[in-house]
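Working notes for the structure below.
Residue numbers (the numbering used here): 87 to 204.
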């Protein structure tokens, strides 16, 4: 079975033109980045709350145990890899915009918009 590349998947792009709702494309990009971070944080906080409550209920760990944890080299490396994948997801919109500038792969919508301006 082929191994998936999370960094490549983070940059996956939907077909068609990206819809914009704000006056500035830069504002739209910033909003999209912020929303990705907000979504990731909300999910993480919910999961962490669940884990911490279950561990405390079962007498496995205390808050002090969690605060005092120091990861091993392998654990720190795994966290670093996850962080890189996360950052790639957060800034995916900027990567896709940069790639769009480099390629000549205009969507049908973009071509139609350009022709309508002529």
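Here a beta-carbon is modelled for each residue, glycine too, at the ideal position from N, C-alpha and C.
- In this structure, the beta-carbon distance from residue 115 to residue 187 does not fall below 8 Å.
- Annotation for residue 162: the continuous alpha helix (DSSP H) segment containing it runs 159-176.
- Rounded to whole angstroms, residue 126 and residue 161 show a C-alpha spacing of 21 Å.
- With contacts defined as CB atoms closer than 8 Å, residue 122 and residue 165 fail to qualify as a contacting pair.
- Less than 8 Å separates the beta-carbon of residue 152 from that of residue 138.
- Its chain contains 108 as the residues whose beta carbon lies nearer than 8 Å to that of residue 117, once the 5 sequence neighbours on both sides are disregarded; these appear in chain order.
- The Cβ atoms of residue 156 and residue 148 lie no closer than 8 Å to each other.
- Residue state for residue 91 is assigned as coil, using DSSP reduced to three classes.
- Rounded to the nearest whole angstrom, the CA to CA distance from residue 128 to residue 163 is 24 Å.
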